[in-house]
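Novice:
Residue numbers (this note's numbering), protein chains in the order written: chain A, 189 to 442; chain B, 189 to 442.
Listed below in structure tokens is the structure:
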């Protein structure tokens with residue numbers, strides 16, 4: 189009988205977030221599971237790594253085929269520590285999330301959840317990030333179960349091409365209203381930031397970042413379109429950022 | 189007479205790093221210059237944004253056609269604050285760096301310098317990141333001058349295609365040994381991390397991240413090859429991470 193796969197689970201909302209508890213619940217039956225996740229919320233940390241401070245790892249729980257650790261670092265730190273210190277090998281699969289809030293379109297650039305996934309892909313591990321389109325810590329993840337398990341099963345059966353990982357986003361609607369799973373490209377979009385300017389008790393100004401996401405274009409082949417039309421979106425993601433189309437025109441410059 | 193362009197300069201090594209002082213020196217003659225840079229080193233912060241803490245901005249210096257601010261946030265925060273609070277408009281150009289250390293190959297994923305550049309590109313601003321292949325705070329930036337100015341002049345004259353920015357890396361050798369400027373693609377590569385495990389005075393373990401960059405492949409069209417062969421590398425970069433080549437095969441999954 190084939191050995192159970194070794195699976196790493198992480199996220200950016202911290203070990204205490206309902207999203208990762210749901211993901212652990214959905215994924216654990218597939219194999220031996222190790223969880224290494226941040227000890228505090230790390231939303232918006234993107235692909236940050238901790239080089240100026242030491243990292244800590246704490247064993248939280250250990251059962252048959254299951255270990256759970258908290259880490260004081262970023263999601264990318266968690267993945268690196270998991271590979272080198274906790275598992276002392278690369279896992280067979282990496283799943284990150286379920287993120288509280290969308291990582292579709294340009295949100296991937298800021299996402300710690302997806303940075304962990306890219307970190308997995310960089311190490312050659314088939315890796316998937318899951319996000320639910322609801323930012324609340326009270327979001328209901330039960331509707332995600334079927335889709336998370338279907339996609340995870342496909343990845344466990346088929347693997348993924350080297351250097352390619354998946355960005356999965358799930359609409360926040362009842363499971364029976366979801367129209368299916370749609371493979372798509374990353375939508376164009378941007379954040380229109382604004383800053384809330386305030387004054388502290390000493391008369392010094394400070395700023396809170398706020399903003400609204402603005403979709404650009406409406407291609408039916410995009411993740412944003414899929415989500416707005418009640419599909420689960422699956423975007424294959426790579427970490428080669430070269431704008432191939434611009435290579436030739438730039439070569440004439442020098 | 190055409191108005192002087194409005195230029196934003198930032199970095200991730202902080203306002204006190206010799207690299208940004210050199211960049212300001214090289215770029216300032218091209219236009220009205222605003223500097224908004226982190227008040228402390230932010231290497232490895234990638235595209236992190238600050239949403240859980242308030243941001244501060246301090247005016248450091250103001251002269252004719254020149255303003256300099258320090259900010260307690262990340263490079264991406266600096267760019268967002270510069271656009272919305274300091275300039276109250278998008279600048280005509282954004283230059284980031286000069287980074288102390290390479291951002292070639294996969295290093296772009298972890299780079300705060302390049303996150304600032306991507307942030308510019310996301311807002312439609314022609315943006316360029318410069319890095320010198322020397323991590324030392326005592327690195328000598330004088331040899332970079334000709335290349336930084338040549339590339340900045342080209343971008344100021346020609347602009348850049350929408351959504352595309354440049355990742356420029358400069359070998360740490362005398363200017364006369366540099367073979368030229370080469371437009372290339374991002375090299376494959378990875379970091380092989382290791383962790384230095386230590387014990388604190390209370391007997392608790394902690395870990396320092398360390399690692400070596402490992403190049404994968406040796407394509408003569410890559411930035412890593414260019415740098416190793418004494419060329420300045422210029423990679424056009426996009427923020428659409430879709431792995432287009434994988435779309436069709438994945439569509440058969442669902």
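Note that CB positions come from ideal geometry on N, CA and C, so glycine has one too.
At a CB-CB cut-off below 7 Å, which residues of chain A make contact with residue 374 of chain B?
Specialist: Sequence index remark: in the second chain, residue 374 of chain B carries index 186 (1-based). Chain A residues near residue 374 of chain B: 428, 429, 430.
Novice: Residue 367 of chain B: which of B/278, B/358, B/386 sits nearest, CA to CA?
Specialist: Here residue 367 of chain B is taken as the residue at index 179 of the second chain, counted from 1. It is B/358 whose Cα lies nearest to the Cα of residue 367 of chain B.
Novice: For residue 247 of chain B, which of B/429, B/227, B/280, B/432 has the nearest alpha-carbon?
Specialist: Mapped onto the second chain, residue 247 of chain B falls at position 59. When each option's Cα is compared against that of residue 247 of chain B, the closest is B/227.
Novice: Would a check of beta-carbon distances place residue 359 of chain B closer than 7 Å to chain A?
Specialist: Looking up residue 359 of chain B in the second chain gives position 171. Not one chain A Cβ lies under 7 Å of residue 359 of chain B.
Novice: For residue 395 of chain B, which residues from the same chain have a beta carbon less than 6 Å from its beta carbon, with the 5 sequence-adjacent residues on both sides left out?
Specialist: Counting from 1 along the second chain, the entry for residue 395 of chain B is found at position 207. For residue 395 of chain B, where only same-chain residues beyond five positions count, the Cβ hits under 6 Å are 383, 385.
Novice: Using a Cβ-Cβ cut-off of less than 8 Å, give me the residues of the region 229-247 of chain A that come near chain B, in sequence order.
Specialist: 229, 231, 232, 233, 234, 235, 236, 237, 238, 239, 240, 242, 243, 244, 245
Novice: Over the uninterrupted beta strand (DSSP E) stretch that includes residue 420 of chain A, give me the two end residues.
Specialist: Here residue 420 of chain A refers to the residue found at position 232 of the first chain. Where residue 420 of chain A is concerned, the enclosing beta strand (DSSP E) stretches over 419-425.
Novice: For residue 234 of chain A, does the three-state DSSP call read helix, strand or coil?
Specialist: Along the first chain, read from residue 1 onward, the residue named residue 234 of chain A stands at position 46. Coil, per DSSP.
Novice: So with CB distances below 8 Å, who are the chain B contacts of residue 194 of chain A?
Specialist: In the first chain, counting from the first residue as 1, residue 194 of chain A sits at position 6. The contacting residues do not exist; residue 194 of chain A stays about 18 Å from chain B at best.
Novice: Against chain A, with Cβ distances strictly below 7 Å, would residue 396 of chain B count as a contact?
Specialist: As a first step, residue 396 of chain B is located in the second chain; it is residue number 208 there, counting from the start. Yes - at least one Cβ of chain A is within 7 Å of the one on residue 396 of chain B.
Novice: Quick check on DSSP: helix, strand or coil for residue 380 of chain A?
Specialist: The residue labelled residue 380 of chain A in the question sits at position 192 within the first chain. Looking at residue 380 of chain A - three-state DSSP - the assignment turns out to be strand.
Novice: Which runs of the alpha helix (DSSP H) fall wholly inside the region 239-285 of chain A and span at least 4 residues, in chain order?
Specialist: 263-269
Novice: Kindly identify the DSSP beta-bridge partner or partners of residue 317 of chain B.
Specialist: Position 129 of the second chain, counted from the first residue, corresponds to residue 317 of chain B. DSSP, once it has assigned bridges, lists B/284, B/355 as partnering residue 317 of chain B.
Novice: Within 10 Å of its beta-carbon, does residue 305 of chain B have 16 or more other beta-carbons around it, so buried, or fewer, so exposed?
Specialist: Position 117 of the second chain, counting from 1, holds the residue named residue 305 of chain B. So residue 305 of chain B counts as buried.
Novice: For a contact defined as C-beta to C-beta under 8 Å, what are the partners of residue 311 of chain B on chain A?
Specialist: As a working note, residue 311 of chain B is residue 123 in the second chain. Here the neighbours are 378.
Novice: State yes or no: is the C-beta of residue 256 of chain A within less than 7 Å of the C-beta of residue 223 of chain A?
Specialist: Locating residue 256 of chain A in the first chain gives position 68, where the first residue counts as 1. Locating residue 223 of chain A in the first chain gives position 35, where the first residue counts as 1. Result yes, Cβ atoms of residue 256 of chain A and residue 223 of chain A sit closer than 7 Å.
Novice: Determine the burial state of residue 200 of chain B: buried for a count of at least 16 other Cβ atoms within 10 Å of its Cβ, exposed for fewer.
Specialist: Numbered from its first residue, the second chain carries residue 200 of chain B at position 12. By the 10 Å Cβ count, residue 200 of chain B comes out buried.
Novice: Mind checking if residue 369 of chain B is an interface residue toward chain A, Cβ cutoff 7 Å exclusive?
Specialist: Position 181 of the second chain, counted from the first residue, corresponds to residue 369 of chain B. So yes, residue 369 of chain B belongs to the interface.
Novice: List the residues of chain B that residue 352 of chain A touches, going by C-beta distances under 7 Å, in chain order.
Specialist: By 1-based counting over the first chain, the position of residue 352 of chain A is 164. The answer, in chain order, is 431, 434.
Novice: Check whether chain B comes within 7 Å of residue 255 of chain A, counting only Cβ atoms and requiring the distance to be less than that.
Specialist: The residue given as residue 255 of chain A occupies position 67 in the first chain. Taking Cβ atoms only, chain B never reaches closer than 7 Å to residue 255 of chain A, which makes this a no.
Novice: Are the beta-carbon atoms belonging to residue 292 of chain B and residue 412 of chain B less than 7 Å from one another?
Specialist: Looking up residue 292 of chain B in the second chain gives position 104. Looking up residue 412 of chain B in the second chain gives position 224. Result yes, Cβ atoms of residue 292 of chain B and residue 412 of chain B sit closer than 7 Å.
Novice: If you drop the 5 nearest sequence neighbours on each side, which residues of the same chain put their C-beta closer than 6 Å to that of residue 261 of chain A?
Specialist: Indexing the first chain from 1 puts residue 261 of chain A at position 73. Closer than 6 Å at the Cβ level, and outside the excluded window around residue 261 of chain A, lie 238, 243.
Novice: Closest by CA to residue 376 of chain B, which one among A/388, A/400, A/351, A/221?
Specialist: The count along the second chain starts at 1 and reaches residue 376 of chain B at position 188. Minimum Cα-Cα distance from residue 376 of chain B among the listed residues A/388, A/400, A/351, A/221 corresponds to A/351.
Novice: If contacts are defined as beta-carbon pairs under 8 Å, then residue 300 of chain A and residue 233 of chain A qualify, I think. What distance do you get, rounded to the angstrom?
Specialist: Locating residue 300 of chain A in the first chain gives position 112, counting from the first residue. Locating residue 233 of chain A in the first chain gives position 45, counting from the first residue. Confirmed, Cβ separation roughly 4 Å.
Novice: What are the boundary residues of the beta strand (DSSP E) that includes residue 226 of chain B?
Specialist: Residue numbering aside, residue 226 of chain B sits at position 38 when the second chain is read from its first letter. Element bounds for residue 226 of chain B: 220-226.
Novice: 7 Å is my cut-off, CB to CB: does residue 402 of chain A come that close to chain B?
Specialist: Counting from 1 along the first chain, the entry for residue 402 of chain A is found at position 214. Chain B contact via Cβ: absent.
Novice: Does the CB of residue 323 of chain A have a neighbour CB from chain B at under 7 Å?
Specialist: For this step, residue 323 of chain A is matched to residue 135 along the first chain. Judged by the 7 Å Cβ criterion, residue 323 of chain A is not in contact with chain B.
Novice: Which residues of chain A have a Cβ atom closer than 7 Å to the Cβ of residue 381 of chain B, listed in chain order?
Specialist: In the second chain, the residue the question calls residue 381 of chain B occupies position 193. By Cβ distance, chain A contributes 268, 272.
Novice: Just the Cα atoms here: how many angstroms apart are residue 189 of chain A and residue 344 of chain A?
Specialist: Taking the first chain and counting its residues from 1, the one referred to as residue 189 of chain A is at position 1. Taking the first chain and counting its residues from 1, the one referred to as residue 344 of chain A is at position 156. A caution first: residue 189 of chain A carries a pLDDT of 49, below 50, which makes its placement in the model too unreliable to give a value.
Novice: Any heavy atom of the ligand SAH closer than 6 Å to the CB of residue 372 of chain A?
Specialist: Of ligands this structure carries none, so the ligand SAH is not represented either.
Novice: Shortest alpha-carbon distance to residue 339 of chain B belongs to which of B/265, B/297, B/218, B/429?
Specialist: Walking along the second chain from the start, residue 339 of chain B turns up at place 151. Ranking B/265, B/297, B/218, B/429 by Cα distance to residue 339 of chain B puts B/218 first.
Novice: Based on Cα-Cα distance, which residue from B/403, B/361, B/349, B/356 lies nearest to residue 284 of chain B?
Specialist: Residue numbering aside, residue 284 of chain B sits at position 96 when the second chain is read from its first letter. Nearest of B/403, B/361, B/349, B/356 to residue 284 of chain B, Cα basis: B/356.
Novice: In the DSSP assignment, what residue or residues form a beta bridge with residue 402 of chain A?
Specialist: Taking the first residue of the first chain as 1, we reach residue 402 of chain A at position 214. Paired residues: A/378.
Novice: Report yes or no: is there a C-beta of chain B within less than 7 Å of the C-beta of residue 189 of chain A?
Specialist: By one-based count along the first chain, residue 189 of chain A stands at place 1. Low confidence applies to residue 189 of chain A: its pLDDT is 49, below 50, so where it sits in the model is not reliable, and the reading given next is rough at best. Not an interface residue.
Novice: In angstroms, rounded to a whole number, what distance separates the CA positions of residue 431 of chain A and residue 331 of chain B?
Specialist: For the purposes of this step, residue 431 of chain A is taken as residue 243 along the first chain, with counting starting at 1. For the purposes of this step, residue 331 of chain B is taken as residue 143 along the second chain, with counting starting at 1. Those two C-alpha atoms are separated by around 28 Å.
Novice: Going by DSSP in three states, residue 441 of chain A sits in which element: helix, strand or coil?
Specialist: What you label residue 441 of chain A is simply residue 253 of the first chain in a count that begins at 1. Looking at residue 441 of chain A - three-state DSSP - the assignment turns out to be coil, as it is neither helix nor strand.
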